[in-house]
Amino acid sequence: MVNKSKLPTAALVPPTQSSGSFRFVLEGALQAATLHQVWKESMHQVAAVPSGQGLILDASKVSYCDAAGIALIVAVEEALKKQGSPFELIGLDARYHRLLEQFTDRTFAQESSSKADCRHLAEVLGEGVVNLSKDAFALVSFVGELIIAVLWAIFHPRQLRWRDVFLTCENVGANALPIVALISFLIGLIIAFQAAIPLRQFGAQNFVADLVAVSLVRELGPLMTAIILAGRSGAAFAAEIGTMKVNEEINALTTMGLQPVRFLVVARVVSAVVMMPVLTIFSLLFGLIGGGIVYLSLGFSLVLYCHQLVGALDLADLAGGLFKGAVFGLLVAAVGCFRGLQTEIGASAVGLSTTRAVVSGITLIVIADGIFSVSFYLLGI
Amino acid sequence: MTNAAKSLIEVSGLSVVYGDYTVLKEVSFEVTAGEVFVILGGSGCGKSTLLKHMIGLYQPASGRVVIDGDDIVAREARDREAILRKIGVMYQSGALFGSMTLLENVSLPLEEFTQLDAAAIQLIARMKLKLVGLEKFADYMPAEISGGMQKRAAIARAMALDPSILFLDEPSAGLDPVTSAELDALIKNLAQNLGITFVVVTHELPSIFAIADRVIMLDKSTKGIVATGDPRVLKDQHEAPAVRRFFNREAA
Chain F
0 MVNKSKLPTA
10 ALVPPTQSSG
20 SFRFVLEGAL
30 QAATLHQVWK
40 ESMHQVAAVP
50 SGQGLILDAS
60 KVSYCDAAGI
70 ALIVAVEEAL
80 KKQGSPFELI
90 GLDARYHRLL
100 EQFTDRTFAQ
110 ESSSKADCRH
120 LAEVLGEGVV
130 NLSKDAFALV
140 SFVGELIIAV
150 LWAIFHPRQL
160 RWRDVFLTCE
170 NVGANALPIV
180 ALISFLIGLI
190 IAFQAAIPLR
200 QFGAQNFVAD
210 LVAVSLVREL
220 GPLMTAIILA
230 GRSGAAFAAE
240 IGTMKVNEEI
250 NALTTMGLQP
260 VRFLVVARVV
270 SAVVMMPVLT
280 IFSLLFGLIG
290 GGIVYLSLGF
300 SLVLYCHQLV
310 GALDLADLAG
320 GLFKGAVFGL
330 LVAAVGCFRG
340 LQTEIGASAV
350 GLSTTRAVVS
360 GITLIVIADG
370 IFSVSFYLLG
380 I
Chain D
0 MTNAAKSLIE
10 VSGLSVVYGD
20 YTVLKEVSFE
30 VTAGEVFVIL
40 GGSGCGKSTL
50 LKHMIGLYQP
60 ASGRVVIDGD
70 DIVAREARDR
80 EAILRKIGVM
90 YQSGALFGSM
100 TLLENVSLPL
110 EEFTQLDAAA
120 IQLIARMKLK
130 LVGLEKFADY
140 MPAEISGGMQ
150 KRAAIARAMA
160 LDPSILFLDE
170 PSAGLDPVTS
180 AELDALIKNL
190 AQNLGITFVV
200 VTHELPSIFA
210 IADRVIMLDK
220 STKGIVATGD
230 PRVLKDQHEA
240 PAVRRFFNRE
250 AA
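Going down the list, the protein sequences come from chains F and D.
If you use numbering that gives the first Met the number 0, the first sequence corresponds to residues 0 to 380, in order.
If you use numbering that gives the first Met the number 0, the second sequence corresponds to residues 0 to 251, in order.
1) Would M148 (chain D) be called buried (16 or more neighbouring beta carbons within 10 Å of its own) or exposed?
2) Of all Cβ atoms in chain D, is any one closer than 8 Å to the Cβ of K80 (chain F)?
3) Between the C-alpha atoms of F375 (chain F) and R217 (chain F), what's the straight-line distance to the nearest angstrom?
4) Would you call the stretch 21-32 of chain F and the stretch 44-60 of chain F touching, i.e. three or more CB-CB distances under 8 Å?
5) Could you check what DSSP says for V48 (chain F) in three-state terms: helix, strand or coil?
6) Going by CA-CA distance only, name the one from D:S92, D:H237, D:I123 and D:V35 that's closest to S163 (chain D).
7) I'd like the span of the alpha helix (DSSP H) that includes D368 (chain F), first residue to last.
8) Scan the stretch 175-236 of chain F and note each continuous beta strand (DSSP E) run of 3 residues or more that stays entirely inside, going in chain order.
9) Which of the three DSSP states is assigned to L56 (chain D) in this structure?
10) Residues of chain F with CB under 9 Å from T113 (chain D), in chain order?
11) Is Q341 (chain F) buried or exposed, if buried means 16 or more other CB atoms sit within 10 Å of its CB?
12) Does any CB atom of chain F fall closer than 8 Å to the CB of M158 (chain D)?
13) S89 (chain D) lies in the beta strand (DSSP E); which residues open and close that run?
14) Note down, in chain order, every chain F residue with its Cβ under 8 Å from the Cβ of I123 (chain D).
15) Would you identify the three-state DSSP class for S113 (chain F), choosing helix, strand or coil?
16) When burial is assigned at 16 or more other CB atoms within 10 Å of the CB, is N192 (chain D) buried or exposed?
17) Can you give me, in chain order, the residues of the stretch 182-211 of chain D that have a beta carbon less than 8 Å from any beta carbon in chain F?
18) With DSSP run on the structure shown, which of helix, strand or coil describes M274 (chain F)?
19) Starting from E87 (chain F), trace the beta strand (DSSP E) in both directions and tell me its first and last residue.
20) Could you check which residue in F:G83, F:E40, F:A28 and F:L314 has the C-alpha nearest to that of G68 (chain F)?
21) Mind listing the chain D neighbours of R94 (chain F)? Cutoff is C-beta to C-beta under 9 Å, in chain order.
22) Can you pull the chain D neighbours of A47 (chain F), defined as C-beta to C-beta under 8 Å?
23) Using a Cβ-Cβ cutoff of 8 Å, what residues of the stretch 139-165 of chain F are near chain D? List them in chain order.
24) Apart from the five residues on each side of it in sequence, which residues of its chain come closer than 6 Å, Cβ to Cβ, to A10 (chain F)?
25) Check distances from the C-beta atoms of the stretch 137-163 of chain D to those of chain F and list, in chain order, the residues that come in under 9 Å.
26) Give every residue of the same chain whose Cβ lies closer than 7 Å to the Cβ of P170 (chain D), excluding the five residues on either side of it in the sequence, and list them in chain order.
27) So what does DSSP say about V129 (chain F), is it helix, strand or coil?
28) Along the stretch 333-364 of chain F, what residues have a CB closer than 7 Å to any CB found in chain D?
29) Interface residues of chain F around K222 (chain D) at Cβ under 9 Å?
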């Protein structure tokens, strides 16, 4: 039976009259958990052996030797080889010797050259451009595929997977309602507060209502809802589709003759586009309630608040806001699915796609919002 | 075997229940130190489930799992770590960390649980990879190598700390016959030379005959052990035809 309890020790015996070599005696149980001290000492002592001088490693007192112990013997031998000194191993138990024999070919012990240490700026730049153009190309082909798939769904509504659509609607819409309501309520509250102070200087505090109404309906309602959607559902789409990609489920769909875009993306995009205006309406409602609370606390009546709201807004504002919401929903869902489908292999790749989905989603929302602002202005809406 | 009396793992009265569904009922057996112990049975009979309970990953409905004198079921999380240090586990799909190279995967336990310096860890990790024939792939990511290679790398990682017990979940499934045979030889070699105890879940017959000292066979209908012993004996002499069919690879 092997004795594993004895702590290992190492000792270097200088050459005597009878033998011209150094003797290096290892003793005890050589195992990974307790080996670190001996390892350090061994390397130190072996380095002290003058080059050309031989060394005999005496392992006859080793009571147990696991693969880490074998590694120590290999390390000592390699170190001596580097010094050009002859090496001899004696006394190692036959059991452990068989283990050592598996490592007669020592090519693995050489340190591998580091793959890429320093790269040229042009190389990095070139790679970036290539990646960007690849990304752009992939995006264009995805948009094309998506358009085809959506058109197909419009002409074959019976073949759309409605069960998926409703399930996604629940996740995207109904389940998002609490957070949308909370954020919108607070945003309404904050805008009203911030507006109340400067407007008081002009004695125009009753216009707080107009300000809240216009900014929420035309801008902040859809924008906040879309950003929440990007964080919740855009990320979820990317993670879900990305994991499917990693598990080769996307490949399975393809070989079954199902197009991933038609099968996975259309239902998600449709539900996001349908649910975003609904969520936006709720967002506006709660935002206006938040603003209203501040308005009432300024000493105005609810009747005046409603009167101001009706005066400040018309149906075109609301329609514009909801339209924006729907477009944001399309962008967020599509880019989320796109990033999911782009996922490479491994768990970290899913995380990367999720991050990219949220970043791309929010970027697209803001860009689209800018375009809307300019075009609404030019169209006089 | 000189130390046949010493049982290293003791499973007694282990029952596993998922919801209303009983997977295993009152399963008891012992694993002797230094033996290669194989858990086998048809698909879906709870082999992997049993393994996961033996390593303390899941809590059983009832029963005890004693590893080297410590009850892994009853222990608190902190004590359990000390028990877990004695064992290495290879999961069915490898479960290598995708963001690390093979060398980093194998080095990780050494870095976390020993105080060896970086060069020593490198050498040990490379030797483990060499043992499983992957020394040329040390700097590859798990995603860049084949499934069989991932399994071998996972075994290398499980062995990183030289545990006294290695649990292997379907080590040779999906490997070519040559690699599979090499793996069997490796398991045999480690068991003989280092005295490592193996608990292997598999249903690859050639592997079972090559490595197993003793097997238990689980059965879906009885939710327990139907046969115990040396597979070479069970193959011809067991009274239950289902057991003989399994070992002789015959249709029911």
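Glycine residues also receive a C-beta, built at the ideal position from the N, C-alpha and C atoms.
The short version:
1) Walking along the second sequence from the start, residue 148 (chain D) turns up at place 149. Under this definition M148 (chain D) is a buried residue.
2) By 1-based counting over the first sequence, the position of residue 80 (chain F) is 81. In terms of beta-carbon proximity, K80 (chain F) stays away from the interface with chain D, with every pair separated by 8 Å or more.
3) Counting from 1 along the first sequence, the entry for residue 375 (chain F) is found at position 376. Counting from 1 along the first sequence, the entry for residue 217 (chain F) is found at position 218. Near 10 Å, if we compare the C-alpha coordinates of R217 (chain F) and F375 (chain F).
4) By the Cβ test, the stretch 21-32 of chain F is in contact with the stretch 44-60 of chain F, since at least three Cβ pairs between them sit closer than 8 Å.
5) As a first step, residue 48 (chain F) is located in the first sequence; it is residue number 49 there, counting from the start. Of the three classes helix, strand and coil, the one that applies to V48 (chain F) here is coil, per DSSP.
6) As a first step, residue 163 (chain D) must be located in the second sequence, where it is residue number 164. Comparing Cα positions, the closest option is D:V35.
7) Translated into the one-based positions of the first sequence, residue 368 (chain F) becomes position 369. For D368 (chain F), the enclosing alpha helix (DSSP H) covers residues A346 to L378.
8) Secondary structure within the stretch 175-236 of chain F: not one fully enclosed beta strand (DSSP E) run of 3 or more consecutive residues is present.
9) By one-based count along the second sequence, residue 56 (chain D) stands at place 57. In this structure, L56 (chain D) counts as coil in the three-state DSSP scheme.
10) Within the second sequence, the letter at position 114 stands for residue 113 (chain D). Neighbours of T113 (chain D) on chain F, chain order: A31, A32, T33, L34, H35 and A67.
11) Residue 341 (chain F) sits at position 342 when you count from the first residue of the first sequence. Residue burial annotation: Q341 (chain F) is buried, with at least 16 other C-beta atoms found within 10 angstroms of its C-beta.
12) Walking along the second sequence from the start, residue 158 (chain D) turns up at place 159. Any Cβ of chain F closer than 8 Å to the Cβ of M158 (chain D) would place that residue at the interface, and such an atom is present.
13) Position 90 of the second sequence, counting from 1, holds the residue named residue 89 (chain D). The question names Ser, but residue 89 (chain D) in the sequence shown is Met. Taken as a continuous stretch (DSSP letters only), the beta strand (DSSP E) holding M89 (chain D) covers I86 to M89.
14) Position 124 of the second sequence, counted from the first residue, corresponds to residue 123 (chain D). For I123 (chain D), the C-beta contacts it makes with chain F under 8 Å involve A31, A66, A67 and A70, in order along the chain.
15) What you label residue 113 (chain F) is simply residue 114 of the first sequence in a count that begins at 1. For S113 (chain F), the predicted structure reports a pLDDT of 48, less than 50, and the residue's modelled location is therefore unreliable. The matter cannot be settled from this model.
16) Within the second sequence, residue 192 (chain D) is the residue found at index 193, counting from 1. By the 10 Å Cβ count, N192 (chain D) comes out buried.
17) Those would be N188, Q191, N192, L193 and G194, in chain order.
18) Position 275 of the first sequence, counted from the first residue, corresponds to residue 274 (chain F). Residue state, collapsed to three classes: helix.
19) In the first sequence, the residue the question calls residue 87 (chain F) occupies position 88. Note, E87 (chain F): beta strand (DSSP E), F86 to I89.
20) In the first sequence, the residue the question calls residue 68 (chain F) occupies position 69. That would be F:A28, whose Cα lies nearest to the Cα of G68 (chain F).
21) Mapped onto the first sequence, residue 94 (chain F) falls at position 95. What R94 (chain F) touches in chain D: Q191, N192, L193 and G194.
22) On the first sequence, position 48 is the one that residue 47 (chain F) refers to. Here the premise fails: no neighbours, minimum Cβ distance about 18 Å.
23) Listed in sequence order: no entries.
24) Position 11 of the first sequence holds residue 10 (chain F). Cβ within range, chain order: V24.
25) Taking 9 Å as the Cβ-Cβ cut-off against chain F, the residues of the stretch 137-163 of chain D that qualify are A137, D138, M140, P141, A142, E143, M158, A159, L160, D161 and S163.
26) By 1-based counting over the second sequence, the position of residue 170 (chain D) is 171. Apart from the 5 residues on each side of it in sequence, P170 (chain D) sits with its Cβ closer than 7 Å to the Cβ of M89, K150, I154, L182, V199 and T201 in its chain, given in chain order.
27) Counting from 1 along the first sequence, the entry for residue 129 (chain F) is found at position 130. Of the three classes helix, strand and coil, the one that applies to V129 (chain F) here is helix, per DSSP.
28) Listed in sequence order: I344, G345, A346 and S347.
29) Position 223 of the second sequence, counted from the start, is the residue given in the question as residue 222 (chain D). Below the 9 Å Cβ cutoff, chain F contributes no neighbours of K222 (chain D), its closest Cβ being approximately 30 Å away.
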